[in-house]
Amino acid sequence: MAPFEFVVPTTLPEAIALLDPDDPGVRPVGGATAVMLMMKAGVLQLTRMVSLRRLEAAHSEVSVGADGQLQIGGFATLSSLEHSPVVQEGWPVLTRTFKTLSNIRVRNVATLGGNLAHGDPHMDMPPVLSALNASVVLTGPAGERTVKVEDLYTGYYETVVKRDELITRIVVPPQGRQHAAYMKVTTRAAHDWPALGVAVVLDMAGDSVNGASLIVGAATDRPTRLTDAEAMLRGEALTDELLRAAGDSAARQLDIVGDAHGSAAYKKQLLRVYLGRAIRKAIAASDSKEHA
6 MAPFEFVVPT TLPEAIALLD PDDPGVRPVG GATAVMLMMK AGVLQLTRMV
56 SLRRLEAAHS EVSVGADGQL QIGGFATLSS LEHSPVVQEG WPVLTRTFKT
106 LSNIRVRNVA TLGGNLAHGD PHMDMPPVLS ALNASVVLTG PAGERTVKVE
156 DLYTGYYETV VKRDELITRI VVPPQGRQHA AYMKVTTRAA HDWPALGVAV
206 VLDMAGDSVN GASLIVGAAT DRPTRLTDAE AMLRGEALTD ELLRAAGDSA
256 ARQLDIVGDA HGSAAYKKQL LRVYLGRAIR KAIAASDSKE HA
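Take the position in the sequence shown, starting the count at 1, then add 5; the result is the number in the numbering used here.
What follows is the structure, given as structure tokens:
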């Protein structure tokens, strides 16, 4: 690796001031797990790395606001969120998902803000948070602005985050009685990069689907909403026939591109099968909690 400047600010304004909107070689990092791999592979060269590990503790806190929304500091580690009683109680789908991310060594240092800002379409959290209708707060020299997680991504490794902005907060609406699940399919270890990820959030009215939020990851260049399948489920009771039809519809909707984790045909077949499984898992997860 070529030499680069390494700086460790202790306040948020100081960190933002160290960023450079005109220099793509200046990068902020939380745990630096993904950035270091890219640098070692020679696909990323930095002039300055701005470490966010020593910023004020307030930017890593987790709380519930007066409106019932989950407020997560952008620099909270994945491990701290995995073990957070607040998250476990109100957003169990997030707790279950955090346990499947990479390995514990990575989760101990990687931050949620960094995970979202990285822009890799194989990341697990963007589909889940998109399905939950979560937003991020971006902070830069001009102040704060809020963006839906679903609208954060514009392409492969491309986001709307400006070079002099940081994800300082993630806001998640109450999960409440919604049924939610995330399923990932990997070709190696269970915590590895997914060949396909499916996030499901269902609002049920008895046995019928009142509303569905279905997001797929790792199959396209960004997390993608399965609008056709959502419309197919709305107002209907969940039957095996309907779920098969929804899976077929989802596979037809997407322009899936193959990669090292699986061919396009393989991923299409995974989506046909796993959309229904994820929906069934969401229902089962909520039922088990209600009867615990």
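Note that the Cβ used here is the ideal one computed from N, Cα and C, for glycine as well.
Checklist entry - Do you know whose CA, among Y187, R257, R277 and R239, lies nearest N215's CA? => result Indexing the sequence shown from 1 puts residue 215 at position 210. Here the closest residue by C-alpha is R239.
Checklist entry - In the DSSP assignment, what are the bridge partners of Y158? => result As a position in the sequence shown, residue 158 is number 153, starting the count at 1. DSSP links Y158 through a beta bridge to T164.
Checklist entry - Per DSSP, what kind of secondary structure is E149 in: helix, strand or coil? => result Taking the sequence shown and counting its residues from 1, one reaches residue 149 at position 144. Here E149 sits in strand by DSSP.
Checklist entry - Buried or exposed: which applies to L42, given that a residue is buried once 16 or more other Cβ atoms fall within 10 Å of its Cβ? => result As a first step, residue 42 is located in the sequence shown; it is residue number 37 there, counting from the start. Residue environment: L42 is assigned as exposed (fewer than 16 neighbouring CB atoms within 10 Å of its CB, all protein chains considered).
Checklist entry - Curious, which full-length alpha helix (DSSP H) runs of at least 4 residues does the region 8-86 contain? => result Counting only runs of 4 or more, we get 17-22 and 38-45.
Checklist entry - Can you tell which of I261, R277 and A270 has its C-alpha closest to the C-alpha of L248? => result Looking up residue 248 in the sequence shown gives position 243. The closest CA to that of L248, considering only I261, R277 and A270, is found on R277.
Checklist entry - If you draw a straight line from the C-alpha of A297 to the C-alpha of A185, how long is it? => result Locating residue 297 in the sequence shown gives position 292, where the first residue counts as 1. Locating residue 185 in the sequence shown gives position 180, where the first residue counts as 1. Confidence at A297 is low in this model, with a pLDDT of 36, below 50, so its placement is unreliable and the value that follows should be read with caution. Rounded to the nearest angstrom, the gap between the Cα atoms of A297 and A185 is 17 Å.
Checklist entry - Run through DSSP, which three-state label would S218 get? => result Looking up residue 218 in the sequence shown gives position 213. Correct three-state label for S218: strand.
Next on the checklist: Whole angstroms are fine: how far does the CA of T164 sit from the CA of A122?
Outcome noted: Sequence index remark: in the sequence shown, residue 122 carries index 117 (1-based). Sequence index remark: in the sequence shown, residue 164 carries index 159 (1-based). Going by the C-alpha atoms only, they are around 7 Å apart.
Item to check | Length of the line joining the Cα atoms of L136 and A236 | outcome: Numbered from 1 along the sequence shown, position 131 holds the residue referred to as residue 136. Numbered from 1 along the sequence shown, position 231 holds the residue referred to as residue 236. Reading off the sequence shown, one finds Ala at residue 136, where the question assumed Leu. So the alpha carbons of these two residues sit roughly 15 Å apart.
Item to check | Cross-strand partners of S140 (DSSP beta bridge) | outcome: Position 135 of the sequence shown, counted from the first residue, corresponds to residue 140. In the DSSP assignment, S140 forms a beta bridge with K153 and V176.
Checklist entry - For A81, which option in K167, P179 and G35 has the closest C-alpha, if you only look at C-alpha atoms? => result For this step, residue 81 is matched to residue 76 along the sequence shown. Across the set K167, P179 and G35, the C-alpha of G35 shows the shortest separation from the C-alpha of A81.
Checklist entry - Could you give the distance in angstroms between the alpha-carbon of R101 and the alpha-carbon of K153? => result Residue mapping note: residue 101 aligns to position 96 of the sequence shown, counting from 1. Residue mapping note: residue 153 aligns to position 148 of the sequence shown, counting from 1. Each residue's Cα considered, the two are about 22 Å apart.
Next on the checklist: Here's the rule I'm using: 16 or more other beta-carbon atoms within 10 Å means buried, otherwise exposed. How should F11 be labelled?
Outcome noted: Taking the first residue of the sequence shown as 1, we reach residue 11 at position 6. By the 10 Å Cβ count, F11 comes out exposed.
Item to check | Extent of the continuous beta strand (DSSP E) to which D208 belongs | outcome: Here residue 208 refers to the residue found at position 203 when the sequence shown is read from its first residue. For D208, the enclosing beta strand (DSSP E) covers residues L201 to A210.
Checklist entry - According to DSSP, is T100 helix, strand or coil? => result Here residue 100 is taken as the residue at index 95 of the sequence shown, counted from 1. Of the three classes helix, strand and coil, the one that applies to T100 here is helix, per DSSP.
Next on the checklist: Less than 8 Å separating the Cβ of P26 from some heavy atom of the ligand ZN?
Outcome noted: Here there are no bound small molecules, and the ligand ZN is not part of this structure.
Checklist entry - Beta-carbon separation of I172 and V141 under 9 Å? => result Taking the sequence shown and counting its residues from 1, one reaches residue 172 at position 167. Taking the sequence shown and counting its residues from 1, one reaches residue 141 at position 136. With respect to V141, I172 sits close: the two C-beta atoms are nearer than 9 Å.
Next on the checklist: Three Cβ pairs or more, each shorter than 8 Å: is that satisfied between the region 77-91 and the region 109-120?
Outcome noted: Judged by Cβ distances under 8 Å, the region 77-91 makes contact with the region 109-120, as three or more pairs qualify.
Item to check | N237 - containing alpha helix (DSSP H), residue span | outcome: Within the sequence shown, numbered from 1, the residue matching residue 237 stands at position 232. A quick correction: the sequence has Met, not Asn, at residue 237. T232 to L238 is the span of the alpha helix (DSSP H), which, as asked, contains M237.
Checklist entry - In angstroms, rounded to a whole number, what distance separates the CA positions of A269 and E155? => result Along the sequence shown, one-based indexing puts residue 269 at 264. Along the sequence shown, one-based indexing puts residue 155 at 150. One C-alpha to the other measures close to 23 Å.
Checklist entry - For Y187, which beta-bridge partners are listed by DSSP? => result On the sequence shown, position 182 is the one that residue 187 refers to. According to DSSP, which records beta bridges pairwise, Y187 is partnered with A204.
Checklist entry - Is G124 helix, strand or coil by DSSP? => result Residue mapping note: residue 124 aligns to position 119 of the sequence shown, counting from 1. Looking at G124 - three-state DSSP - the assignment turns out to be coil, as it is neither helix nor strand.
Item to check | Nonlocal neighbours in the same chain, by C-beta distance under 6 Å from G202, ignoring five residues either side | outcome: Here residue 202 refers to the residue found at position 197 of the sequence shown. D129, P132, K189, G222 and A223.
Checklist entry - Roughly how many angstroms separate the alpha carbons of E295 and Q183, rounded to a whole number? => result Taking the first residue of the sequence shown as position 1, residue 295 is located at position 290. Taking the first residue of the sequence shown as position 1, residue 183 is located at position 178. Residue confidence for E295 is low, a pLDDT of 47 falling below 50, so the modelled location carries little weight and cannot support an answer.
Item to check | Residue from I284, R227 and A139 with nearest C-alpha to D208 | outcome: Taking the sequence shown and counting its residues from 1, one reaches residue 208 at position 203. If we check each option's Cα against that of D208, I284 comes out closest.
Next on the checklist: Within a Cβ cutoff of 7 Å, which residues of the same chain sit near T52, ignoring the five residues on either side of it in sequence?
Outcome noted: Mapped onto the sequence shown, residue 52 falls at position 47. Excluding sequence neighbours, T52 sits near F9, E10, D28, G30 and V31.
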